[in-house]
Structures are given as structure tokens and as C-alpha cells.
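Protein chains in written order, with my numbering: chain A, 1 to 567; chain B, 568 to 679; chain C, 680 to 842.
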Amino acid sequence: MSAEILAAPSSGIAPVGHYAYDQVDRAFLHDRVEQFRDQVARRLSGTLSEDEFKPLRLMNGLYLQLHAYMLRVAIPYGILDSRQMRELANIARTYDRDYGHFTTRQNIQFNWIRLEDTPDILARLATVDMHAIQTSGNCIRNVTCDQFAGAAADELLDPRVHAEILRQWSTLHPEFSFLPRKFKIAISGSPNDRVAARFHDIGLVAKPGRHGTVFDVFVGGGMGRTPIVGVHLRDNLPEEDLLAYLEAMIRVYNEYGRRDNIYKARIKILVQALGAEGYREKVDAEFAAMDRARYRLPPETVAAIRARFGTPALDAPSDAAERLAGARRADAAFDRWVRTNTHSHRAAGYISAVISLKPDGGIPGDATSAQLDAIADLAERFSFGEIRISHMQNVVLGHVRQDELHALWQELGRAGLASANIGLIGDIIACPGLDYCSLANARSIPIAQKLSARFANPDLQERIGDLQIKISGCINACGHHHAGHIGILGVDKKGEEFFQLTLGGSAASDAAIGQILGPALPEDSTVDAIAHLVDAYLVHRTDGERFLDTYRRLGAALFKDAVYALA
Amino acid sequence: MDVRSNRREAGGSSVVTANRLLDGRIVWLAGDGAWSGRIDAAHVFSNDGIEAVIDATARRQQADGVVGVYGVQVRDDSTTPVPVTVRERIRAFGPTVHPEFATLTEVPPDVR
Amino acid sequence: MPLLENGRIVEDFWTTIGGDELLPPTGPVIVPLDRLEDGLARPAGEKLGVALPPDAEIAVLRAALPRLALVGVTFPTFRDGRAFSQARALREHLDFAGDIRVTGRPLPDQYEFLLRCGVSTVQLPDGADPAVWARAHERFTTAYQPAVRDERAEGFGLRRFLA
Chain A
1 MSAEILAAPS SGIAPVGHYA YDQVDRAFLH DRVEQFRDQV ARRLSGTLSE
51 DEFKPLRLMN GLYLQLHAYM LRVAIPYGIL DSRQMRELAN IARTYDRDYG
101 HFTTRQNIQF NWIRLEDTPD ILARLATVDM HAIQTSGNCI RNVTCDQFAG
151 AAADELLDPR VHAEILRQWS TLHPEFSFLP RKFKIAISGS PNDRVAARFH
201 DIGLVAKPGR HGTVFDVFVG GGMGRTPIVG VHLRDNLPEE DLLAYLEAMI
251 RVYNEYGRRD NIYKARIKIL VQALGAEGYR EKVDAEFAAM DRARYRLPPE
301 TVAAIRARFG TPALDAPSDA AERLAGARRA DAAFDRWVRT NTHSHRAAGY
351 ISAVISLKPD GGIPGDATSA QLDAIADLAE RFSFGEIRIS HMQNVVLGHV
401 RQDELHALWQ ELGRAGLASA NIGLIGDIIA CPGLDYCSLA NARSIPIAQK
451 LSARFANPDL QERIGDLQIK ISGCINACGH HHAGHIGILG VDKKGEEFFQ
501 LTLGGSAASD AAIGQILGPA LPEDSTVDAI AHLVDAYLVH RTDGERFLDT
551 YRRLGAALFK DAVYALA
Chain B
568 MDVRSNRREA GGSSVVTANR LLDGRIVWLA GDGAWSGRID AAHVFSNDGI
618 EAVIDATARR QQADGVVGVY GVQVRDDSTT PVPVTVRERI RAFGPTVHPE
668 FATLTEVPPD VR
Chain C
680 MPLLENGRIV EDFWTTIGGD ELLPPTGPVI VPLDRLEDGL ARPAGEKLGV
730 ALPPDAEIAV LRAALPRLAL VGVTFPTFRD GRAFSQARAL REHLDFAGDI
780 RVTGRPLPDQ YEFLLRCGVS TVQLPDGADP AVWARAHERF TTAYQPAVRD
830 ERAEGFGLRR FLA
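Below, the structure written as C-alpha cells:
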């Protein structure tokens, strides 16, 4: 092992918002990289067949996509620091075609990677304590988290420490690395669900209990071919039982989940087959039988991991809010951006800023290496070097002083990152679709580009208000179309692209699955159809009513007419 | 390999494709048995004998350094082979959202 | 087929009996689960093992376990990870202290996982290179979660040293 790998970070201070690695963690990552280097060598020599190599490369985030290999790098609980972001920019420049793409699981993907470069790329990631472990494969994937964790005014508890505990616990888990299917866990610490807890294999909501942290547990939610809102499995799970209970839940899944049909292999299908009660009984039986002491999560362990997190020294001048208000009065464009792209902070004088990766007519979630570097610089200057990736494929600077927000916004404008459209119709989620993905049936990105160009007018966007469009290029639903207020699903009809619209989905606390509006539309009439839906909404809404609420109040018929009556 | 990509009509003609093992890039089987990065270098086979060609090619994929060999039906009315499906046209000519990543400098018109 | 224990090839004293083969009256034998009764009918001192299919619940062995010196778990393909849970449950729920043997088609890259779930021996698949398996056992020095092997705590978090 080289000396650099053992060296501590030069600053010597724990990074704000995420866990600081030590030499043991670094040695582990080093060993993991060398393991993969050996696996690649065995594949190239023919010792490993493609069939045998595939799950091994997938567990290191490496897919073979349409045009090349794609490497998905983990951003645990969506948090990274400036140093890590700069290394991602380096990788985009050196090994990719100068782009990175942020995903709905808060990770980053590089679309033009060579297998032979991958061990070196992983070694470079390891120098900044990053990896691609378990970003794919039938194992426990990257644990996702609230993008405003540790900052939001409405939060009860910062869930990132527990997300890190789950990351460590699930890393190369001996029993759960060959599950029937992939396994996704999300954790939130706010009563306002920003992690889609009910759309995960396991969703956890952390909150303070009478004797420490407790968790509400949801299970069996998911999108894909069979969208299901997760069931509420139990309340107030004590922190010390968190790992034991998760072990019991996933064991039951490993033992009884279907392995004969990949479309029926997710835990949601098992929970439906056994019924919530039947599944709960099996979990409780396992939980009662297991050696609980072995899996106990002691408070000292939680405290030790918490101590590895840097915390921001929040110290805004007393007139920060006043100065922000003044800047907003003086600059209408800035005022608009603040209205859409910020979130209330728990500390006086601070605010969280959302950097939209959804420019008009652009590719949702894409950033150039120059933009990645710019974000790293701005995070260092304005937000303690801490960067968050949201499942909406945007970037968040969590702790910005209100009196410095105007300066941040100006810098973002210079980097082409100041789109004021968060939560609006331009803030579209899209999977990579058929332009890159080997599973896709249709292209997602061009639809997103045409929609965001069509609704580029910022006044129009604000008038339309809260409207989430989510686009998936196939039924695997990486673009979360089931949970879109308007969902768009690409389908293949004899080699040509068609798009099916769903309305009324939501990933928030009012979780719901969108309902199919009617027959799939050809590509060239899909954008017009969305425009007709929006027009119908604007005509029929009452004051302050979101698109979703109008749909829920009036039902599908009106919207169906808007799309199909003209055809 | 994706079965959707491998569907063929009884008549017509096809080209044979794979991804290179080392870098994952798309390649097309040329007339001399070598692999080319350009679809315009691909040999066009009649669909009558294509299954045998695919089988023989798949058997030597480790030696050739490629993975996922399959056949792609192409249009009959074009001098450069143009796949009949959107998916295979995107594979042949590059992602539609980054014109600078096009695989051929002169992409045949009307391929999207 | 070579037998691997602690990363080394060891001699295999066991005979695996098929579904309709005659059961030898003496000597260590592994019987399929549906012939467990036949195996138990042999003299009490004769070593007996049973091969568990992946869909069996380990509880079916509860009564017979004191008589068993070996339980076989199997990987129909390396992707089917049910054997991990079976092995772990045998150790944890039934306190089984005998040999847990893996058969089928596991990958060497799964070896450390197998050991940490309580497996003691692996019947290597045809063509397997024992050196690759041995290397897989030496690859990592720490792990991040509890397992049924009694591993020494590393001192931070849930980390433990791998033996």
C-alpha cells in the first residue's frame, strides 16, 4: 500500500456533512480497487466469462451500455465535498467526454468509460475517499437521503449519520450481496418526505423518541413494472435495533423472494404475495430468533461515527436577512431565483440554495467538467465546501449566508447555472433513455429538452407553478414517471418510439401512482400533448391550486379530452 | 444481449454488431471478418444465412475481444447500411443529444 | 473435485449419495434431504451429512441436527444467494457446530462472504483455480458489519478484523 493512501486529508479537519475516512477505510478501498483490477485481468484472460464477470463489474458500478461502458460513482447520501467534486471533474476530463450526469439516486454517471481504464479510475476516486461500490447489482445500493438534511428548518433529526452507518453496514455485506434483486433504502429525518420513502424497498423516517432516535419503517414500495406504494411496517423502531431489524427484513427477502422471474423478484412482490401481515410475521419471527446482541447498534458507535462528521460553524451577521431582502428588492431576476431555488434553513441568517442542472433546452442532470469545478469553487467559498446532490438531479449548497446569496447567484450566472426553475415545469427528471441506456425503449432526454425549451419563459413557468414532469425511457422507471404529476413513459412499437402519459403521481408525503391517461402518443405529438394538459389546467384551476390538486379534484376526463379530442 | 434488437424479418438483410470488450465501443463486422467502428464498413448479409454467421461469430468473441454479438436488420433502400429501429440507429450514428459525438462525419439524412 | 478449507485444499473423506444410490452401512456419507431418514437409520456412530436444497427451511433439520456432522448448502448458480442465509441461520439459530459445505457453482469472489456466513468447506467447481480462491480469502483485512464468525472488533464503529 502506498504512503499517499494512508495519509490523512491535508486539511486534517472532518469534511462538513459527511463521514471522514481514516486509514482503515482507505486500506479497505485500496483492497477493493485491487480486487477489481484482478477481476478485470481474469475477464480479459478469459478465466471469467462475461456472464460471471457481469455481476462483479456491476457491483463496482460498471455497466455495458449502448455506446460504451458507463461508470456509476456512489455519492453516499448525496453528500460530497469540493475536493471530491474536483476529482469527478478530473475524471470527466480525462476518461470521459467532459461530462458527468447526476442521477435520481444522487449518484454520478460517466457515459464513455473504457473497461481497461476502470481500475485506474477507481484508484483515483479512492484518493478522495470515493468509490463505486454497490451502485449496481443485486445488493444493497447507495442509501439516499434528504438533500436538505442537516439544514432544513422542518427537520426533526439529521439522518446522515444513520445513512453512513447503513452505508458501512451494507458494504460487502456477506449475506446480502446476492439478493434476488437490487435493494434500495432511503432515509429521511423530516416529516415532509423529500426522499420518496414510500417508493423504496425500505424507507426509514428518523425522529427523536423518548429515549433517543427511533425510526418509522416502510417496506415494499417501488416503481418499475409494478408500481407500489410501500406499506408501513412498524413505528418507533429503537436505534439500537436498527441493524438487527433490517437484517431480519432483508433475510426474509433473501430466503423467500422470487428468483425465477426478474420482474417479480423485488421485495415489493414478496410483500404483496405474503401480505403485509404475513411478511411482518416472518420478520418478527426472525427478529425474535436472532442473536440481537450481535447486531446491536450501541449509542457509542453512533456517537463515534457522528464525531467523524464535520459540522459547519454557522455564524451569520445579524443583518444577513435584511441584506438579502434589500438585494431581492433591488434585483427582480435575483428575487425570482430566490423564490424558486432556495429552501429555509434551521439557522438564522442562513439559507439553502439549489443549483438547477436543468437549463432551458438542456440535458437534465448533466454538467461539464468546468461546471463541476465551478460548483466546487462556489461550495468552498459559500457553503463550507459541502455539496449535495438531489434525487431531482440538481445540486444543493446547504449552508449559504443570506447576505452572500446574491454574490453566489451572480457567480452561478457566470457558470451558466442560475436557471430559476426548481419545482417548476422546467425542473424535469429524465433518465438517460435510449440515447445511452441499453435497456431503454425510447429517448427521454430529447422530450425533456423540447419541453424545457417550450416552457422556457420564466413568467409562464411561475404562473404554472408547482408541476413535476418525470420521464422514463422504459418500464424500469429510472425517471420516476409513476411519481410525476405528469409522467412520461417511453415505449417501443415495432422499433419506433411512443410515449405514454400518466397523471396524478406524487413521491411526496401524499405518495400516489400516476394513472395512465390514454393510448401512447408518437414522439412528435408528445410535447404538444403536455402543452394541452397545461392549458387545460390553467383554465380550470382555482386560486393557489397545483396541477396535481386540479387533477385530483376534477379527474382524468377533462385532461383526456385536452389530449385526445383534438387528435 | 437484448432480444428486441435481434428481431428480423424473414426477408431483407442485416449487419452483425457487438461491443468491444476493452472499451465497450460499438463495432460492426466487416467483410474481411475484422471489426470496424463504422457501420458503413459493415458487411451486409442476407437474412437467409444470418443466424449461422451470428453463431460462428459469437463462438469466437473472446478471441476477437468483443461481447454481445447479434444481428441488426437494415433498410433495403440505402447504400450505407441504416438500421430499421431507432435503437440501432442511435447505436450506429451516436446519441442524438450530442451532435459532436456522432460516429460518422456524414450521417445519412433521415436516420433519426 | 477438490475440497477447500481455510484457503487450502484438504482431503475429502465424505461420500455424496445420490437420490437412488445404495446407502453404505458405514463411513461418512452425505445424503439428500429427502433421504435423511435413511441416513439416520444407520448406526449412531457413523458420520452423517445432509445436502440441503436452496429452497429448504433450515428448521427441518432441527430434530436431526445433533446427529449431523455436515450440512451441505448449494449454489445452483452463483447469483442465487439463498445459501448465505441458510448457512448463517444454521450457525446462529440452531448453533450448528459441524461442517457447512458449499457445493454447486459459487465464484471465488464470494469466498469471504461464505466464510463470514459460517461456511467451513467448499467443494470447488470443475476447473476452479485454488490459488484464486486462496487469494480471495486474503484480499480484505477488515469488514464493516457483524457476521457469525467470531471476528475481533477493530475498535471503531462496527468494523472487525478478518482472520
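Yeah, the Cβ is synthetic: ideal placement off N, Cα and C, and Gly gets one too.
CB of residue i within 8 angstroms of CB of residue j, strictly
i, j, result
"R198 of chain A", "F148 of chain A", "no"
"I598 of chain A", "I121 of chain A", "Outside the shown range of chain A, which is 1 to 567, sits residue 598 of chain A, and nothing can be said about it."
"S136 of chain A", "F792 of chain C", "no"
"I737 of chain C", "L701 of chain C", "no"
"N586 of chain B", "G635 of chain B", "yes"
"G504 of chain A", "E497 of chain A", "no"
"G797 of chain C", "A762 of chain C", "no"
"I133 of chain A", "T171 of chain A", "yes"
"L71 of chain A", "T118 of chain A", "yes"
"A430 of chain A", "I445 of chain A", "yes"
Sequence-distant residues of the same chain with beta carbon closer than 7 angstroms to residue i, five excluded per side
i, result
"I657 of chain B", "T663"
"L6 of chain A", "Confidence in L6 of chain A is poor, its pLDDT being 36 and thus under 50, which makes the residue's placement too unreliable to answer from."
"M1 of chain A", "With a pLDDT of only 37 at M1 of chain A, under 50, the local geometry of the prediction cannot be trusted, and the value read off the model is given with reservation. Only A27, H30 meet the Cβ criterion."
"R454 of chain A", "V527, A531"
"R642 of chain B", "V649, V651"
"D569 of chain B", "With a pLDDT of 48 at D569 of chain B, under the threshold of 50, the modelled position of this residue cannot be trusted; read the value that follows with caution. Nothing meets the Cβ criterion."
"D366 of chain A", "Y99, H101, L357"
Cutoff 8 angstroms; reference residue i; Cβ partners in own chain excluding five residues on either side
i, result
"F668 of chain B", "G661, P662"
"R546 of chain A", "G465, D466, L467, H485"
"V710 of chain C", "I696, L702, D717, G718, L727, G728, V729, A730"
"L573 of chain A", "Here chain A has residues from 1 to 567 only, and residue 573 of chain A is not among them."
"D778 of chain C", "G728, A748, L749, V750, S799, T800"
"L156 of chain A", "G189, S190, P191, A206, K207, P208"
"T705 of chain C", "R721, P722, E725"
"Y256 of chain A", "L270, L274, K282"
Supposed close pair residue i, residue j - CB separation, criterion 8 angstroms
i, j, result
"L356 of chain A", "H345 of chain A", "The residue you asked about is not Leu; residue 356 of chain A is Ser in the sequence shown. Wrong, their Cβ atoms sit about 19 angstroms apart, outside the cutoff."
"L243 of chain A", "Y295 of chain A", "5 angstroms"
"R251 of chain A", "D201 of chain A", "At roughly 14 angstroms, the Cβ-Cβ gap does not stay under 8 angstroms, so R251 of chain A and D201 of chain A are not in contact."
"A448 of chain A", "P364 of chain A", "5 angstroms"
"Q402 of chain A", "Y436 of chain A", "Not confirmed; about 39 angstroms, so no contact."
"A826 of chain C", "G686 of chain C", "Contact doesn't hold; Cβ gap of about 17 angstroms is too wide."
"A206 of chain A", "G836 of chain C", "In fact, because the Cβ distance is near 18 angstroms, the residues do not count as touching under 8 angstroms."
"V283 of chain A", "A248 of chain A", "5 angstroms"
"T311 of chain A", "K268 of chain A", "Rounded, the Cβ-Cβ distance is 37 angstroms, inconsistent with contact."
Best match in the options for proximity to residue i [C-alpha to C-alpha]
i, options, result
"A583 of chain A", "A:A483, A:A367, A:L405", "The requested residue 583 of chain A does not occur in the structure, where chain A is confined to residues 1 to 567."
"T782 of chain C", "C:E817, C:A807, C:H772, C:V827", "C:A807"
"V653 of chain B", "A:R443, A:Q449, A:L378, A:D524", "A:R443"
"R341 of chain A", "A:H131, A:L405, A:P364, A:E380", "It should be pointed out that residue 341 of chain A corresponds to Asn in this sequence rather than to Arg. Nearest of A:H131, A:L405, A:P364, A:E380 to N341 of chain A, Cα basis: A:L405."
"I185 of chain A", "A:E50, A:C139, A:L157", "A:C139"
"I389 of chain A", "A:T368, A:T104, A:N60", "A:T104"
"D241 of chain A", "A:V214, A:N261, A:A453, A:R258", "A:V214"
"P458 of chain A", "A:P359, A:S369, A:L324, A:V219", "A:P359"
"G189 of chain A", "A:G203, A:G385, A:K182", "A:G203"
"N441 of chain A", "A:A41, A:I471, A:A456, A:R259", "A:I471"
"Y77 of chain A", "A:V396, A:T502, A:R167", "A:R167"
"W595 of chain B", "B:A625, B:P666, B:H665", "B:A625"
"P432 of chain A", "A:E277, A:W409, A:G479", "A:G479"
"A418 of chain A", "A:I425, A:K54, A:Q410", "A:Q410"
"L533 of chain A", "A:E52, A:H173, A:L548, A:D81", "A:L548"
Neighbourhood of residue i by C-beta distance below 6 angstroms, restricted to the same chain and skipping five residues each side
i, result
"A374 of chain A", "A415"
"D699 of chain C", "none"
"A20 of chain A", "A14, R308"
"A347 of chain A", "L314"
"D98 of chain A", "A92, T368, S369"
"P9 of chain A", "With a pLDDT of 42 at P9 of chain A, under the threshold of 50, the modelled position of this residue cannot be trusted, and the question is left open."
"A320 of chain A", "G349, R401, Q402, D403"
(request) Write down every uninterrupted run of the beta strand (DSSP E) in the stretch 325 to 356 of chain A whose length is 3 residues or greater and which is fully enclosed by it, in chain order. (result) 342 to 344, 350 to 355
(request) Could I get the ranges of all uninterrupted alpha helix (DSSP H) runs contained in the stretch 452 to 478 of chain A, with 4 residues as the minimum, in chain order? (result) 458 to 464
(request) Could you pull out every unbroken beta strand (DSSP E) segment of at least 3 residues lying fully inside the stretch 69 to 132 of chain A, listed in chain order? (result) 69 to 73, 79 to 81, 99 to 102, 108 to 113
(message) Could you tell me which whole alpha helix (DSSP H) segments of length 4 or greater appear in the stretch 383 to 427 of chain A?
(response) 405 to 414
(request) Just list the alpha helix (DSSP H) runs in the stretch 256 to 319 of chain A, keeping only unbroken ones of 4 residues or longer that don't cross its boundaries, in chain order. (result) 267 to 289, 292 to 295, 299 to 306
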